[in-house]
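Reading through the structure tokens given below for one structure.
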Amino acid sequence: MRTGKIIDIHCRCGFKLFRYFKAGKGRLLKCLISRLTDDYVGLNGAETFSKPSCPQCGEELGIIMMIHGEPALKLNQGTIQSIRI
Ligand SMILES: [Zn+2]
């Protein structure tokens, strides 16, 4: 069985960006778009290599990349509040 939990991801400015199903433990470095449970930024459908930004402060959140054939957001660690589970 797959273990994991749903976590809220916030920008440094405090804006709630999305909710994500995180599998396993450790630092969150990238997010598969298909595992977002709520998307307040519009990551769903974003183009590969686009750089979504925080709707509130305009900071870049990272870059959309294909990982194992699936779109994912590689997080900009400077913008996202760090999460450890
Ligand atoms: Zn922000």
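Residue numbers 5 to 89, in my numbering, belong to the letters of the sequence shown in order. The beta carbon of each residue, even a glycine, is placed where N, CA and C say it ideally should be.
Asked	Found
Could you give the DSSP three-state label for SER57: helix, strand or coil?	strand
Thinking just about the alpha-carbon of each residue, which of ASN48, LYS29, TYR44, ARG31 is nearest to the one in ILE37?	ASN48
Hey, is PHE19 close to ligand 1, as in C-beta under 8 Å from one of its heavy atoms?	yes
Taking C-beta to C-beta, are LEU77 and PRO56 nearer than 9 Å?	yes
Figure out for me which residue from GLN60, GLU74, GLY8, LYS29 has the closest Cα to the Cα of ALA50.	GLU74
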